[in-house]
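Here the structure is laid out as structure tokens; the discussion comes afterwards.
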Amino acid sequence: MQRYSGFGLAKHALSHHENWERQWRNPTPKKQYDVIIVGGGGHGLATAYYLAKEHGIKNVAVLEKGWLGGGNTARNTTIVRSNYLWDEAAALYEHAMKLWEGLSQDLNYNVMFSQRGVMNLGHTLQDMRDIQRRVNANRLNGIDSEVLTPEQIQEIVPIMDCSKNARYPIMGASWQPRAGVARHDAVAWGYARAADALGVDLLQNTEVTGFKIRDGRIYGVHTNRGDIEAKTVGCVAAGNSGVLAKMAGFRLPLESHPLQALVSEPLKPILDTVVMSNHVHGYISQSDKGDLVIGAGIDGYNGYGQRGSYPTVEHTLQAIVEMFPIFSRVRMNRQWGGIVDTCPDACPILSATPVKGLFFNCGWGTGGFKATPGSGHVFAWTLAKNQAHPLAAPFSIDRFHTGALVDEHGAAGVAH
Amino acid sequence: MFHIYCPYCEELREEEEFHPKGEAHIVRPKDPEACTDEEWGDYLFFRDNPRGIHHELWVHAVGCRKFFNVTRNTVTYEILETYKIGERPTVTAEHLAGGDKQGNVQVASGGQQTVGASGAAVASVKGERA
Chain B
1 MQRYSGFGLA KHALSHHENW ERQWRNPTPK KQYDVIIVGG GGHGLATAYY
51 LAKEHGIKNV AVLEKGWLGG GNTARNTTIV RSNYLWDEAA ALYEHAMKLW
101 EGLSQDLNYN VMFSQRGVMN LGHTLQDMRD IQRRVNANRL NGIDSEVLTP
151 EQIQEIVPIM DCSKNARYPI MGASWQPRAG VARHDAVAWG YARAADALGV
201 DLLQNTEVTG FKIRDGRIYG VHTNRGDIEA KTVGCVAAGN SGVLAKMAGF
251 RLPLESHPLQ ALVSEPLKPI LDTVVMSNHV HGYISQSDKG DLVIGAGIDG
301 YNGYGQRGSY PTVEHTLQAI VEMFPIFSRV RMNRQWGGIV DTCPDACPIL
351 SATPVKGLFF NCGWGTGGFK ATPGSGHVFA WTLAKNQAHP LAAPFSIDRF
401 HTGALVDEHG AAGVAH
Chain H
1 MFHIYCPYCE ELREEEEFHP KGEAHIVRPK DPEACTDEEW GDYLFFRDNP
51 RGIHHELWVH AVGCRKFFNV TRNTVTYEIL ETYKIGERPT VTAEHLAGGD
101 KQGNVQVASG GQQTVGASGA AVASVKGERA
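So the protein lines, in turn, are chains B and H. Residue numbers are given in UniProt numbering: position 222 of the first sequence equals residue 222, and the series is strictly consecutive. Residue numbers are given in UniProt numbering: position 80 of the second sequence equals residue 80, and the series is strictly consecutive.
See below:
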């Protein structure tokens, strides 16, 4: 792998940047691998990377039916934070946060991780009680978290309407200074390039059409490019996890919903942090390109259509304009949807399945991007050792039968 | 924007009057105390979540406030029929796959879908619309 550096940039300038090597190969599928990862998004690529790097398992294939990072990895609003309420969830997301903090160096790829802080607003007394509870829980778990007053909020975000005359007056917020945003495509590309350099085969346009299962044990997959064998298969397919589970003969506690986001025309720098509100339900940040990146809730119905409904766009923008009247005449440029796999307790599933050797990493719902490095890291451990990583253990699929749910729904003050 | 035919109001109304409530035809176990943890967990949490034909529960939240069922394609989003609680769907994945065109589809004319609704299977059903 050609390492990226300032010196390299200068060197390639001499040849008009025409001789950069390709970031990853486009290999032909082998007949057999040690591990197959189904799904070439951020989580799947991260899993492959950590399998190769931390566990020395390099005979790995990532099967992607489309192109790398073309699903939810490219469709989210890029927010990274770890201020979750419950110990189990906080530990997992904080594990990811610590990996984010060294990720660009680790991958030799600028993922543009910008710790500009994330603010979760409270508009009611109950919001504020929940915020105080969550901030206290975060601090007990060693996660940076503070409660802000409206005056402090106004100082950080002067353009926000913090007046008492607002329809839903802002009463305070939780604030995680280490949180922020990252460049979503770069995360997928950085993991892909680093995994490829360690010998992982990234197979694009390769769709899994079935699993080869004998005596309750997996030994390979059927694909549109022929059969590929492996004794360990990890599915990291987000919205399509339920479809894969059906092929393997079991059900998951998931529903797939469209979640959409939109960006405005580019503006001069105006918002240097991330603002989220669960109550009026919208979240917003400004990308380095200058466009406002806006998101909100899922469409309530099940869907695989990768597009959202217009009523949801309208509700989202109402919330944004309520908080930022200054944006009322900003024009929206693009809008899109991704398919999120929501779990009843709004926590992921990192688990073995009824089929031996087949593992699922899914159920991240509306908030998977922030967990990408942590998810890949603990899932790689799980696949390599054939047992749940201690951080992944509470997220076994068994919890839906034992009742030991990790109920983050709403509790994290997040915009689900 | 969906235009959904409420089988109780007998009118097409806009999507925002309705709320989706998830998979339909899930039967509550008659004696929950007798269920194993697996049976109860399956009933509460596990869903088919299909890519394609989906039977689902909706409520006419700011209309008649009654619950009813919808058969909808989760890829094209086309609504194939709406029917009252207690009734069975006439459009199912099985009969679409089998090419059975006898479905007595209970929809109002005008169509309820918004975007991209197409597909031979769907068209064959629409052709038989009463």
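The beta carbon of each residue, even a glycine, is placed where N, CA and C say it ideally should be. Keep in mind that this is a model prediction, so the values were computed, not measured.
- When rounded, the separation of the alpha-carbon atoms in B/SER351 and B/TYR191 is 22 Å.
- Residues of the segment 226–248 of chain B with a C-beta less than 8 Å from any C-beta of chain H: ASN240, GLY242, VAL243 and LYS246, listed in chain order.
- Against B/SER309, the close residues of chain H are MET1, PHE2, GLU15 and THR114, in the order they occur along the chain (beta-carbon pairs closer than 8 Å).
- Annotation for B/SER264: the continuous beta strand (DSSP E) segment containing it runs 255–266.
- Below the 7 Å Cβ cutoff, chain H contributes ASP37, GLU38 and GLY41 as neighbours of B/HIS401, in chain order.
- No Cβ of chain B is located within less than 8 Å of the beta carbon of H/GLY63.
- The Cβ of B/LEU350 sits no closer than 8 Å to any Cβ of chain H.
- At a cut-off of 8 Å, the C-beta of B/LEU254 has a neighbouring C-beta in chain H.
- Residue B/THR353 holds the alpha-carbon nearest to the alpha-carbon of B/ASP398 among B/CYS362, B/THR382, B/ASN19 and B/THR353.
- Neighbours of B/PRO344 in chain H, taken as residues at a C-beta separation under 8 Å, are given in chain order as LEU44 and PHE45.
- Inside the UniProt domain "Rhodanese" (35–79) of chain B, DSSP marks whole alpha helix (DSSP H) runs of 4 or more residues at positions 42–55, from first to last along the chain.
- Rounded to the nearest whole angstrom, the CA to CA distance from B/GLY40 to H/ASP31 is 44 Å.
- Rounded to the nearest whole angstrom, the C-alpha separation of B/PHE113 and B/ALA182 is 4 Å.
- According to DSSP, B/THR342 shares a beta bridge with B/GLU255.
- For H/ASN69, the closest Cβ of chain B is not nearer than 8 Å.
- When the five nearest sequence neighbours on each side are left out, the beta carbons in the same chain lying within less than 8 Å of the beta carbon of B/GLY69 are those of GLY40, GLY41, GLY42, LEU45, HIS184, ASP185, VAL187, ALA188, TRP189 and ALA192, in order along the chain.
- The beta carbon of B/ARG167 does not come within 8 Å of any beta carbon belonging to chain H, so the residue lies off that interface.
- If you look at B/SER351, you'll find it in the beta strand (DSSP E) that goes 349–352.
- Put simply, the backbone Cα of B/GLN154 is about 6 Å away from that of B/CYS162.
- Neighbours of B/ASN72 across chain H, judged by C-beta separation under 8 Å, do not exist; the nearest C-beta is about 16 Å away.
- Only exposed fits B/LYS289, as fewer than 16 other CB atoms lie within 10 angstroms of its CB.
- B/GLU88 sits away from B/VAL313, with the two beta carbons spaced by 8 Å or more.
- The Cβ-Cβ distance between B/ALA61 and B/LEU203 falls below 8 Å.
- Rounded to the nearest whole angstrom, the CA to CA distance from H/GLU38 to B/HIS401 is 5 Å.
- Within the segment 70–83 of chain H, the residues whose Cβ lies closer than 8 Å to any Cβ of chain B are, in chain order, ARG72, THR74, VAL75, THR76 and TYR77.
- Taking 8 Å as the cut-off, the beta carbon of B/VAL355 is found closer than this to the beta carbon of B/ALA248.
- In the structure shown, the three-state DSSP call for B/GLN32 is strand.
- With contacts defined as CB atoms closer than 8 Å, B/VAL263 and B/ARG331 fail to qualify as a contacting pair.
- Listed by position along chain B, the residues whose Cβ is nearer than 7 Å to that of H/HIS25 form an empty set, because the closest Cβ is around 14 Å away.
- When DSSP states are grouped into helix, strand and coil, B/GLN154 belongs to the helix group.
- With a contact defined as Cβ atoms closer than 8 Å, B/SER104 and B/GLU94 miss out at about 19 Å.
- The Cβ atoms of B/THR316 and B/ILE156 do not sit closer than 8 Å to each other.
- B/GLY337 has a beta carbon lying at 8 Å or more from every beta carbon in chain H.
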